[in-house]
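Start counting the sequence shown at 744; every next residue gets the next number (the numbering used here).
Structure first, commentary second.
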Amino acid sequence: MAISNQSKKMESEIVENVQKNDNLWLLKSIFSLSGKSGGADGGGAAPPKQNQLIPFLSPIANSVVVRCTKILGISSEELQHHFDGELPDNVKQPPLYARSFLEFCSYKALDMAITRPNYLNDKEFRRLTFDMMLAWEVPGIDTKPQGDLQEAASCSNQEVEDEDGWSLFYSNSTKMAVQVDDKKTVGLEAFARIAPACPVIADIITVHNLYDVLTSSSSSRLHFLIYDKYLRSLEKVTKSVPTVVGPQFISQLSLAEDEIIIDIDGVVPTQPVLQHIGMSAWPGRLTLTKYAIYFESGVGIYDKAVRYDLATDMKQVIKPELTGPLGARLFDKAVMYKSASIAEPVYLEFPEFKGCSRRDYWLDICLEIMRAHKFTRKYNMKETQQCEALARAILGIFRYRAVKEAFRISTSNYKTLLCFNLAESLPGGDMIMETLSSRLALINVNAGLDDVLSNLSSSNAKRQQIFPVALYTLWRLGIVSSKKANTNGEATCLGGDVYVGEPNPLETVVKQLKLNTGRAEAAQATVDQVKVEGIDTNLTVMKELLFPLIQTYNRLQRLASWKDPYKSMMFMLLFSYIILRS
């Protein structure tokens, strides 16, 4: 009971202090490395009192904690006092204390910081989140860096190309990052512990895949230049969604009230989308929403949209397919859509000169939305839980698009950034969906601000409620209304998918499945090798059995070649005599 009262008191202090500060002071000063206060622009509000450095923390960790206290509006001593009083003993043991305290400060600060508009566009915010990862790897004054950072930070000069080619800027930016600072790089575990605390940056299910994609050409270490470019691209993607859609566009498609437009293609005349039905084909504009695919035939001026449903169970099939003129199967650049509601399959072709990256992107995102709806139907989810599942899928698509536009990277099934596609592709992926459904079932759909703050500050072991973090994130980005997000605009703190000192159950399941998949692939490779070796053995046996015939054939070849005229003449005379004597 005392812990609960302390928690509520702390959170009320945080909210009261932060609300006193102007947005300008928060966005320009709280992330500042220099530690300057925003007295001139703070509307008369006094910044927190001078913080004392915490002796057991490393310099980078102290720097992060000081910036966190500015965001929260309390001193580092008060923050440490709340940490000692609220967290369970198992995360406060001496080997874990510094890292757990750093996570505690980082999660609370990020929960507050992401409530501000345009935070992805603030370079100091991007720098702070990266510094949190750096500090996580070396939280204590006596903590040794994990692994050989110098060796891992050195970038391979080998050029890696996929079928669509790598962006030259991506390759050069990695090399530039090494030249600027070859030591300050982030590892996988640090990224996986900090990035999901900001739901738009990473999903706990696919965070390892996102890290692998971002570090695919930098020897498995993340440089700030790459991380910064990813966040800037993500900010552009999230900003483009609300601005691209106008009232006229919505009326043309006859969208439902809560139907979110996720992506549009075919607007540029040089990059059309072709719809093939039977022997006919039409260019047009393609739109994906949270419920369906819409195709409007035409160029510049569009006809009435045709709707292909993804939400209801109509035995839909979406897969890659070959298309061509007059129904010919020539080019592997199309997506086939088939359902019980249409008479014959529809083929949506994405023409491009090299590769099929446009097709692959649209195939992936359409499958993601369809599988998200399949997931909600399978587990009979309520409205808020359905919206949260779809919001996860939508945020995953935004991240996928941001990576694609920034780095021109094509991901494999096991490395996909889309959580429902990942669950479908991994052997045993049903375990991911079952774990996710059990967590979504705990969503508190009627939580007020006090409930959210109380849950956030309670000990990890007592957290029994989950909040629709992805849905709230879409609301903050201006993509859904506060009515659809079921919030009155007052909620400022969210539990998120990360807990201090403890792994998320979803992360544990994904790690185990990937480990099992790796073992299965290794076993299959061994079986394939045995098969190859067995074929070689069988060929050797057959060759030995046919050796006399092979030798006879070789001798006849030598006689026919007249390399030894005497033997060839004798063979011809003997063979002629046998023929003449029958």
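Even for Gly, the Cβ is constructed at its ideal location relative to N, Cα and C.
Keep in mind the model is a prediction, meaning the values are calculated, not measured.
Please classify residue i: does DSSP put it in a helix, a strand, or coil?
i, result
"residue 1245", "strand"
"residue 1186", "strand"
"residue 1323", "helix"
"residue 715", "The first residue shown for the chain is 744 and the last is 1325, placing residue 715 beyond what the model contains."
"residue 1305", "coil"
"residue 1231", "For residue 1231, the predicted structure reports a pLDDT of 46, less than 50, and the residue's modelled location is therefore unreliable. A value from the coordinates is still provided. Residue state, collapsed to three classes: coil."
"residue 1092", "strand"
"residue 1066", "strand"
"residue 1293", "helix"
"residue 956", "helix"
"residue 1314", "helix"
"residue 1097", "coil"
"residue 927", "coil"
"residue 887", "coil"
"residue 1149", "helix"
"residue 1077", "strand"
"residue 937", "helix"
"residue 1220", "coil"
"residue 1061", "strand"
"residue 1258", "helix"
"residue 965", "strand"
"residue 1209", "strand"
"residue 1169", "coil"
What's the gap between the Cα of residue i and the Cα of residue j?
i, j, result
"residue 1159", "residue 1165", "6 Å"
"residue 862", "residue 1150", "22 Å"
"residue 810", "residue 933", "19 Å"
"residue 1215", "residue 1072", "45 Å"
"residue 1252", "residue 983", "34 Å"
"residue 1242", "residue 875", "15 Å"
"residue 1090", "residue 887", "56 Å"
"residue 1040", "residue 1047", "8 Å"
"residue 1322", "residue 1316", "10 Å"
"residue 1119", "residue 843", "35 Å"
"residue 1304", "residue 1294", "15 Å"
"residue 1247", "residue 1015", "43 Å"
"residue 963", "residue 1161", "21 Å"
"residue 841", "residue 801", "9 Å"
"residue 974", "residue 853", "15 Å"
"residue 1086", "residue 1057", "13 Å"
"residue 1286", "residue 1179", "57 Å"
"residue 816", "residue 1098", "52 Å"
"residue 1008", "residue 870", "33 Å"
"residue 1024", "residue 1143", "29 Å"
"residue 838", "residue 831", "15 Å"
"residue 873", "residue 1065", "44 Å"
"residue 1257", "residue 1249", "12 Å"
"residue 864", "residue 1083", "45 Å"
"residue 1121", "residue 1169", "18 Å"
How about residue i and residue j: do their beta carbons lie closer than 8 Å?
i, j, result
"residue 826", "residue 799", "no"
"residue 1138", "residue 943", "yes"
"residue 1033", "residue 1005", "yes"
"residue 950", "residue 935", "yes"
"residue 804", "residue 878", "yes"
"residue 1163", "residue 1184", "no"
"residue 1061", "residue 1110", "yes"
"residue 814", "residue 1240", "no"
"residue 858", "residue 1114", "no"
"residue 1299", "residue 1310", "no"
"residue 928", "residue 965", "yes"
"residue 1127", "residue 1186", "yes"
"residue 797", "residue 808", "yes"
"residue 834", "residue 1244", "yes"
"residue 1104", "residue 1080", "no"
"residue 1372", "residue 1131", "For the chain, the structure presents residues 744 to 1325; residue 1372 sits outside this window and is missing."
Does the beta carbon of residue i fall short of 7 Å from some heavy atom of the ligand GTP?
i, result
"residue 976", "For the ligand GTP, the structure offers nothing, since it holds no ligand at all."
Could you check how far apart the C-beta atoms of residue i and residue j are, in whole angstroms? I think they sit under 8 Å.
i, j, result
"residue 1077", "residue 1092", "4 Å"
"residue 1108", "residue 1031", "6 Å"
"residue 1148", "residue 976", "6 Å"
"residue 1029", "residue 1116", "Not quite, the Cβ-Cβ distance comes to about 19 Å (not below 8 Å), so this is no contact."
"residue 1140", "residue 1146", "Actually they are not in contact, since the Cβ atoms of residue 1140 and residue 1146 sit about 11 Å apart, beyond 8 Å."
"residue 1042", "residue 1026", "6 Å"
"residue 931", "residue 954", "5 Å"
"residue 1075", "residue 1063", "7 Å"
| message | Could you tell me which whole alpha helix (DSSP H) segments of length 4 or greater appear in the segment 971-1054? | response | The alpha helix (DSSP H) runs lying completely inside the segment 971-1054 and spanning 4 residues or more are 990-996, given in chain order.
| task | Could I get the ranges of all uninterrupted alpha helix (DSSP H) runs contained in the segment 835-880, with 4 residues as the minimum, in chain order? | result | Fully enclosed alpha helix (DSSP H) runs of 4 or longer: 837-856, 866-880.
| request: Report the residue ranges of all alpha helix (DSSP H) runs contained in full by the segment 1100-1135; include only those spanning at least 4 residues, in chain order. | output: 1100-1121, all fully within the segment 1100-1135.
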